[in-house]
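Start counting at 1 in the sequence shown, then tack on 101, and there's your number in the numbering used here. Below is one structure, written out as structure tokens; the observations come after it.
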Amino acid sequence: MNIINFTPVSAFLGGSLIGLAVVIFFVFNGRLIGISGIASNFLNSKDNRFDNFLFLLGLILGPIIYKVFTQQEINISISNSFILLAVAGLLVGVGTRIGGGCTSGHGISGIGRFSLRSIIATITFMIVGILTVWIKNLI
102 MNIINFTPVS AFLGGSLIGL AVVIFFVFNG RLIGISGIAS NFLNSKDNRF
152 DNFLFLLGLI LGPIIYKVFT QQEINISISN SFILLAVAGL LVGVGTRIGG
202 GCTSGHGISG IGRFSLRSII ATITFMIVGI LTVWIKNLI
């Protein structure tokens, strides 16, 4: 799996699969996909706990199943320190609470519903993400 050299075809297929997953999830569960909401509901709510568990399990098993069927290595190296990753994860969690959702909830489900709030949130995520990478590379 090469996440650096993607092509328009792979981007189209990946986006189509994500869109299909959102539609299937909505049809069978009557809910929109938002990873932070699913994770939060799995930990805090008794409603749909098993469905949320299966969804989160799929996120973990997906790359493993991909590797089994394609026989391709998934080479991912993380060069940042554990403390930096932990702080970043904490900030993402706080941000999803303040922003009323995460990138998948706003960026995929929200924009698909033409939600102005989600469009603004997604633009904000992109700008802040770009600035964060730019600043980190300066340091």
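Just so you know, even glycine gets a beta-carbon here, dropped at the ideal spot from N, CA and C.
A Cβ-Cβ separation of about 5 Å places G208 in contact with T223 under the 8 Å criterion.
Annotation for N153: the continuous alpha helix (DSSP H) segment containing it runs R150 to T171.
Residue environment analysis places G120 among the exposed positions, since fewer than 16 neighbouring C-beta atoms fall within 10 angstroms of its C-beta. Classified as buried, T204 has 16 or more neighbouring CB atoms from the shown chains inside 10 Å of its CB.
Assigned with DSSP and collapsed to three states, T108 falls in coil, not helix or strand. Per the coordinates, the alpha-carbon of V123 lies some 22 Å from the alpha-carbon of G194.
Per DSSP, I236 is one residue of the alpha helix (DSSP H) stretching across L217 to L239. Rounded to the nearest angstrom, the gap between the Cα atoms of G116 and I240 is 33 Å. Taking the C-beta atoms as reference points, G138 is found no nearer than 7 Å to G201. At the C-beta level, F143 and I134 stay beyond 7 Å of one another. Membership of N181 in any alpha helix (DSSP H) is not indicated, and neither H nor E is assigned to it by DSSP. Residue state for S137 is assigned as helix, using DSSP reduced to three classes. Here S178 is exposed. Its C-beta has fewer than 16 other C-beta atoms within 10 Å.
A140 and T108 have their alpha carbons spaced roughly 31 Å apart.
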